[in-house]
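K.L.:
Using the UniProt record's numbering, the final residue of the sequence shown is 326, and nothing's skipped along the way.
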Amino acid sequence: MKLFVTGGAGFIGSHFIRYILDQYEDYEVINFDALTYAGNLDNVSSIADSPRYQFVHGDITNRAHIDQVMLTSSIDAVVHFAAESHVDRSIESPGKFVETNVIGTQNLLDCARLYGVGTFVHISTDEVYGTLPKEGYFTEETPLAPNSPYAASKASADMFVRAYYETYGMDTRITRCSNNYGPNQYREKLIPVTILRALDGLPIPLYGDGQNVRDWLHVHDHCTAIDAVLHKAKPGSVYNIGSNNEWNNIDLVEKILDYLEVPRNQIARVTDRLGHDRRYAIDASRIKGELGWQPMHTFEEGLKETIDWFTEKHRTASQMSQSYGN
Numbered sequence: 001m002k003l004f005v006t007g008g009a010g011f012i013g014s015h016f017i018r019y020i021l022d023q024y025e026d027y028e029v030i031n032f033d034a035l036t037y038a039g040n041l042d043n044v045s046s047i048a049d050s051p052r053y054q055f056v057h058g059d060i061t062n063r064a065h066i067d068q069v070m071l072t073s074s075i076d077a078v079v080h081f082a083a084e085s086h087v088d089r090s091i092e093s094p095g096k097f098v099e100t101n102v103i104g105t106q107n108l109l110d111c112a113r114l115y116g117v118g119t120f121v122h123i124s125t126d127e128v129y130g131t132l133p134k135e136g137y138f139t140e141e142t143p144l145a146p147n148s149p150y151a152a153s154k155a156s157a158d159m160f161v162r163a164y165y166e167t168y169g170m171d172t173r174i175t176r177c178s179n180n181y182g183p184n185q186y187r188e189k190l191i192p193v194t195i196l197r198a199l200d201g202l203p204i205p206l207y208g209d210g211q212n213v214r215d216w217l218h219v220h221d222h223c224t225a226i227d228a229v230l231h232k233a234k235p236g237s238v239y240n241i242g243s244n245n246e247w248n249n250i251d252l253v254e255k256i257l258d259y260l261e262v263p264r265n266q267i268a269r270v271t272d273r274l275g276h277d278r279r280y281a282i283d284a285s286r287i288k289g290e291l292g293w294q295p296m297h298t299f300e301e302g303l304k305e306t307i308d309w310f311t312e313k314h315r316t317a318s319q320m321s322q323s324y325g326n
């Protein structure tokens, strides 16, 4: 199988590419990435020389870029990660999120249909559902009610993916995951921000009262779930992916600081984010029951691995900086 993976230099996309090449010896991957601020080829440096891997510097908002690759390659499946994904940035510049997440997705769908790509897996987010009260979970039947420009752009993309299945009969599949964490996550996200600022002795910003709840999913478990959807799911299907691992932000930040033996007074309360969703929680019973998927990482193990990874990277970077200074 030859996969066309968008956003493969980003956090989740790079983990997925490395996972696929390790899992399937006869698979090939084209990594199509615009290398914006969150894309980093260091994330895929370990497989850069593989004969089964190809990097293409391309932008999904530019139809011609996609055409150039799909016209000359026999693509079996698209796995679409590429997206603007930071909520704060979407509040500041919503137009960019429409351009990338909506128009970019529609470009990909059009090209995949034109060039006869067999399967289109669209990686979405639980944020399209909006917010939950203290009880209950998002299911695949929960109405979409996005509250941020980011979430609205992803919900719009989801609807285009659904429309191409209903209208054109394309084999499209949608996954909606909870918050991912793990090694080499981009540094503006909550867990990396907390670790790195704690190590640097800097204030750690925490929105509002810190009681916003998220369901945390290890990135490797997310990759195995996407694998299951790619190989086992039916056309037109939607699957929620989560690990029933809810933490409010203040407890999570304090857990990280305690592990690092950093005083909790480094936490700095900041004005709450506009439209900040209170709680996300995923019901993943469909993917578990229909596709046999199960998360493998406990949060204790996964968080320790993540903290240790960032700590080692920080130590190495500090040593290099000191060497250059000398």
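Think of the CB as a built atom: it goes at the ideal place given N, C-alpha and C, for glycine as much as any other residue.
Since we're looking at a predicted model, the values are computed, not measured.
Where does Thr298 sit, in a helix, a strand or coil, going by DSSP?
P.N.:
Correct three-state label for Thr298: coil.
K.L.:
Distance, Cα to Cα, Arg173 vs Asn40?
P.N.:
Arg173 and Asn40: Cα-Cα distance of roughly 27 Å.
K.L.:
Inspect the beta-carbon positions of Leu132 and Ala281 and report whether they are closer than 8 Å.
P.N.:
Against a cut-off of 8 Å, the Cβ pair of Ala281 and Leu132 comes out as a contact.
K.L.:
Just to confirm my understanding: we take Asp110, look at its own chain, exclude 5 residues before and 5 after, and list those with CB closer than 8 Å. What are they?
P.N.:
Answer for Asp110: Arg63, listed in chain order.
K.L.:
I need the DSSP call for Tyr239, collapsed to helix, strand or coil.
P.N.:
In this structure, Tyr239 counts as strand in the three-state DSSP scheme.
K.L.:
Between the C-alpha atoms of Ile17 and Asn31, what's the straight-line distance to the nearest angstrom?
P.N.:
Spanning the two alpha carbons is a distance of roughly 8 Å.
K.L.:
Round the Cβ separation of Leu21 and Tyr53 to the nearest angstrom and send it over; I've been treating them as touching at under 8 Å.
P.N.:
The pair is a contact, with the Cβ atoms about 6 Å apart (cut-off 8 Å).
K.L.:
My output table needs one value for Phe32: the three-state DSSP class, helix, strand or coil.
P.N.:
Three-state DSSP puts Phe32 in a strand.
K.L.:
Give a yes or no on whether the C-beta atoms belonging to Ala198 and Leu291 are separated by under 8 Å.
P.N.:
Against a cut-off of 8 Å, the Cβ pair of Leu291 and Ala198 comes out as no contact.
K.L.:
Quick check: is the beta carbon of Ala155 nearer than 8 Å to any beta carbon in chain B?
P.N.:
Judged by its chain identifiers, the structure shown contains no chain B, having just a single protein chain.
K.L.:
Would DSSP call Val78 helix, strand or coil?
P.N.:
In the structure shown, Val78 sits in a strand (DSSP, three-state: E or B).
K.L.:
Ordered along the chain, which non-local residues of its own chain (more than five positions away) have a Cβ less than 6 Å from that of Gly236?
P.N.:
The residues are Tyr165.
K.L.:
Name, in chain order, the residues that DSSP records as bridge partners for residue 331.
P.N.:
With the chain covering only 1 through 326, there is no way to say anything about residue 331.
K.L.:
How long is the line joining the alpha carbons of Ser93 and Asn43, rounded to whole angstroms?
P.N.:
Roughly 27 Å separates the two Cα atoms.
K.L.:
With distances taken between CB atoms, is the gap from Pro192 to Ala268 smaller than 8 Å?
P.N.:
Cβ atoms of Pro192 and Ala268: not closer than 8 Å.
K.L.:
Only counting the same chain, and skipping five residues up and downstream in sequence, which positions put a Cβ closer than 6 Å to that of Ala83?
P.N.:
So the list reads Asn101, once near-sequence residues are dropped.
K.L.:
For Pro146, count neighbouring C-beta atoms within 10 Å of its own C-beta (all shown protein chains included) and say buried if the count is 16 or more, exposed if not.
P.N.:
When all chains shown are included, Pro146 counts as buried.
K.L.:
Say whether the stretch 126-142 touches the stretch 68-78, bearing in mind that this needs 3 or more beta-carbon pairs closer than 8 Å, one atom from each stretch.
P.N.:
With the cut-off at 8 Å, the stretch 126-142 and the stretch 68-78 do not touch.
K.L.:
Let me check understanding here. Comparing Cα to Cα, which of Asp258, Arg214 and Met170 lies closest to Ile138?
P.N.:
Contrary to the premise, residue 138 reads as Phe rather than Ile in this sequence. When only C-alpha atoms are compared, the closest one is Arg214.
K.L.:
Tell me, to the nearest whole angstrom, how far the beta carbon of Trp216 is from that of Tyr181; I am working on the premise that it is less than 8 Å.
P.N.:
With 8 Å as the limit, Trp216 and Tyr181 qualify as a contact, their Cβ atoms being about 5 Å apart.
K.L.:
According to DSSP, is Leu71 part of a helix, a strand, or is it coil?
P.N.:
In this structure, Leu71 counts as helix in the three-state DSSP scheme.
K.L.:
Measure the C-alpha to C-alpha separation of Pro263 and Val121 and round it to an integer number of angstroms.
P.N.:
Looking at the two C-alpha atoms, the distance is approximately 43 Å.
K.L.:
Taking all protein chains shown into account, decide if Thr6 is buried (16 or more other Cβ within 10 angstroms of its Cβ) or exposed.
P.N.:
Classification of Thr6: buried, given that the 10 Å Cβ count is 16 or more.
K.L.:
Can the beta-carbon of Ser148 be found closer than 8 Å to that of Gly275?
P.N.:
Yes.
K.L.:
So Pro205 is in the beta strand (DSSP E); what residue range does that whole segment cover?
P.N.:
Segment Ile204 to Tyr207, the beta strand (DSSP E) holding Pro205.
K.L.:
Hey, Asp33 and His57 are a contact pair by Cβ (cut 8 Å); roughly how many whole angstroms apart?
P.N.:
Confirmed, about 7 Å.
K.L.:
Nearest-angstrom Cα distance between Ser318 and Glu301?
P.N.:
Their backbone Cα atoms lie some 26 Å apart in a straight line.
K.L.:
Let me know the beta strand (DSSP E) ranges lying completely inside the stretch 222-275, each 3 residues or longer, listed in chain order.
P.N.:
Segments of the beta strand (DSSP E) lying fully in the stretch 222-275: 238-241, 246-248 and 267-270.
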